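Undergrad:
Numbering (our numbering), first residue to last: 99 to 464.
(1) Let's see if you can read the secondary structure: which residues bound the alpha helix (DSSP H) around residue 245?
(2) Taking 8 Å as the cut-off, decide whether the C-beta atoms of residue 250 and residue 219 are in contact.
(3) Skipping 5 residues on each side, what residues in its chain have a beta carbon closer than 8 Å to that of residue 344?
(4) Out of 323, 365, 376, 295, which has the shortest C-alpha to C-alpha gap to residue 351?
(5) Give me the Cβ distance between residue 142 and residue 113, rounded to the nearest whole Å; I'm assuming they're in contact under 8 Å.
(6) On the three-pair Cβ rule with 8 Å, is the region 251 to 268 touching the region 118 to 125?
(7) Within the same chain, show all residues whose beta-carbon is closer than 6 Å to that of residue 174, passing over the 5 residues directly before and after it, in chain order.
(8) Tell me which same chain residues have a C-beta within less than 8 Å of the C-beta of residue 448, skipping the five on either side of it?
(9) DSSP puts residue 193 in a beta bridge; with which residues?
(10) Please state whether DSSP places residue 342 in a helix, a strand or coil.
(11) For residue 449, which three-state DSSP category applies?
(12) Do residue 189 and residue 225 count as a contact pair if the criterion is CB distance below 8 Å?
(13) Check whether the Cβ atoms of residue 216 and residue 132 sit closer than 8 Å, and answer yes or no.
(14) For the alpha helix (DSSP H) that residue 252 lies in, which residues bound it at each end?
(15) Compare the Cα-Cα distances from residue 165 to each of 244, 127, 309, 357 and report the closest residue.
(16) Could you check the C-alpha separation between residue 295 and residue 275 for me, to the nearest Å?
(17) Quick one: residues in its chain with C-beta nearer than 7 Å to the C-beta of residue 150, no 5 flanking neighbours on either side, listed in chain order?
(18) Give me the Cα-Cα distance between residue 214 and residue 298, rounded to the nearest whole angstrom.
(19) Hey, is residue 413 close to the ligand ATP, as in C-beta under 7 Å from one of its heavy atoms?
(20) Starting from the Cα of residue 163, find the closest Cα among 129, 144, 379, 176 and give me that residue.
(21) Put residue 186 into one of helix, strand or coil per three-state DSSP.
(22) Sorted by chain position, which residues of the same chain lie with C-beta nearer than 8 Å to residue 160's C-beta, five sequence neighbours on each side aside?
(23) If you draw a straight line from the alpha carbon of residue 458 to that of residue 348, how long is it in whole angstroms?
(24) Using a 10 Å radius around the Cβ and a threshold of 16 neighbouring Cβ atoms, would you call residue 414 buried or exposed?
(25) Rounded to whole angstroms, what's the CA-CA distance from residue 425 to residue 390? Just pull it up for me.
(26) What is the rounded straight-line gap between the Cα of residue 476 and the Cα of residue 386?
(27) Going by the beta-carbon positions, is the gap between residue 305 and residue 377 smaller than 8 Å?
(28) Could you check which residue in 183, 342, 393, 253 has the C-alpha nearest to that of residue 208?
(29) Measure from the alpha carbon of residue 272 to the alpha carbon of each residue in 307, 400, 392, 196, then state which is nearest.
(30) Out of 186, 238, 246, 280, state which residue places its alpha-carbon closest to the alpha-carbon of residue 222.
(31) Terminal residues of the continuous beta strand (DSSP E) containing residue 358?
(32) Check whether the Cβ atoms of residue 176 and residue 157 lie closer than 8 Å to each other.
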């Protein structure tokens, strides 16, 4: 038997146990976006693939950023056996992370746990030195602070980053995309696609999707000309404006325009304009039934071959393959296991309640 098959069989027997460390003022939507895919993975498979536990340092209730009080399952010192830890951050993250948090996270990493974070929780991992040399994601509001404070971590604008045993995501619903990606990798794309359908989730975003970081946040208020130029570009994707004309609109020279883009956006104006059009094209390919020819036209490309060439160079795949990647598989039925209720956990309680659902055990785990 191959090592892969042995690992797969072991994984099918032992639930993946995840501890969610809740920091003060954590964002509840990010926690829910991370936990709910795990619940639905259990429901659709009819198996306890995952367990989850909420933790705080002292085991006392914690207040989320929306004011709701959450009582954790355990303190960090009394946490059940875990295979992964996910730090849930939110508002005022620098003050929320204490020396005790850092020490506990370092201990978990030494014991070989997968380490993760959602929203601003990446700050805690970076503070513990656990993101040095790793790609990582964080909510866009915290990008600049993270880059300045932790230069040894590769902070990206991606929605989520999976780098070896570090899984980090930005905020909002991005943790759902990360979890769906991990579930798909561990238990198959069919299950991930079925979970997405259950949550009426339009599409599963991947690691190539980036947060839309407001230009004002990246530049501050010192570059109104550049902000105005980018706004003009975004409003004119179907019929791109000539760069000389753009410069004229905002009363700068073509040379000044080039210098602004190189200094603050690290690319030429034409390259940035092309990126905006290609990102828009990707959204249309994934979210609409428009033909590739139509998408090319509304994104300002004069020919489909030119559009396909630019798309492949930027995203690594042609538009046709991008669209084909959105198709999902047919869901099949499996019998319900008899041993589902042998142990008690939050996951098992949820799984028990789900047995009456029509979707229970509706996706086969190979």
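C-beta: ideal position from N, C-alpha, C; glycine also. All figures in this text were calculated on a predicted structure; none of them were measured in a lab.
TA: Once the coordinates are examined:
(1) From DSSP, the alpha helix (DSSP H) with residue 245 extends over 241 to 247.
(2) No, the pair does not count as a contact, with Cβ atoms beyond the cut-off.
(3) The residues 327, 330, 331, 355, 367, in chain order, have a CB closer than 8 Å to that of residue 344 in the same chain once the five nearest residues on each side in sequence are set aside.
(4) Looking at the Cα atoms, 323 is the closest of the given residues.
(5) By a beta-carbon distance limit of 8 Å, residue 142 does not contact residue 113. Their separation comes to about 15 Å.
(6) Two segments are said to touch when three or more pairs of C-beta atoms, one from each, lie closer than 8 Å; by this definition the region 251 to 268 does not touch the region 118 to 125.
(7) Result list for residue 174: 153, 155, 202, in chain order.
(8) Exclusion of the five residues before and after residue 448 leaves 137, 140, 141 as the residues of its chain whose Cβ lies within less than 8 Å of its Cβ.
(9) Residue 193 pairs with nothing; no bridge assigned.
(10) Judged by DSSP in its simplified three-state form, residue 342 adopts helix.
(11) If DSSP states are grouped into helix, strand and coil, residue 449 belongs with the helices.
(12) Not in contact: residue 225 and residue 189 (Cβ atoms no closer than 8 Å).
(13) If you check the CB distance, residue 216 and residue 132 come in under 8 Å.
(14) DSSP places residue 252 in no alpha helix (DSSP H) but in the uninterrupted beta strand (DSSP E) bounded by 252 to 254.
(15) When each option's Cα is compared against that of residue 165, the closest is 127.
(16) Roughly 13 Å between the two C-alpha positions.
(17) Answer for residue 150: 116, 118, 133, 136, 444, 445, listed in chain order.
(18) Taking C-alpha positions only, residue 214 is separated from residue 298 by approximately 25 Å.
(19) The ligand ATP is absent from the structure shown, which contains no ligands of any kind.
(20) For residue 163, the nearest C-alpha among the options comes from 129.
(21) The DSSP-derived three-state label of residue 186 is strand.
(22) The residues are 120, 121, 122, 124, 154, 167, 168, 170.
(23) The straight-line gap from Cα to Cα measures roughly 59 Å.
(24) Exposed, since its Cβ has fewer than 16 Cβ neighbours within 10 Å.
(25) At residue 425 the pLDDT is 42, less than 50, meaning the model places this residue with poor confidence; the figure from the coordinates comes in the next sentence. Cα to Cα, the separation comes out at about 16 Å.
(26) Nothing about residue 476 can be read from this structure; the chain reaches only from 99 to 464.
(27) No, the Cβ-Cβ distance between residue 305 and residue 377 is not below 8 Å.
(28) Ranking the options by Cα distance to residue 208, first place goes to 183.
(29) Out of 307, 400, 392, 196, 307 has the C-alpha closest to the C-alpha of residue 272.
(30) Selected option, being the one with the closest Cα: 186.
(31) Not the beta strand (DSSP E): residue 358 falls in the alpha helix (DSSP H), residues 352 to 362.
(32) With respect to the 8 Å criterion, residue 176 and residue 157 are classified as neighbours on the basis of their beta carbons.
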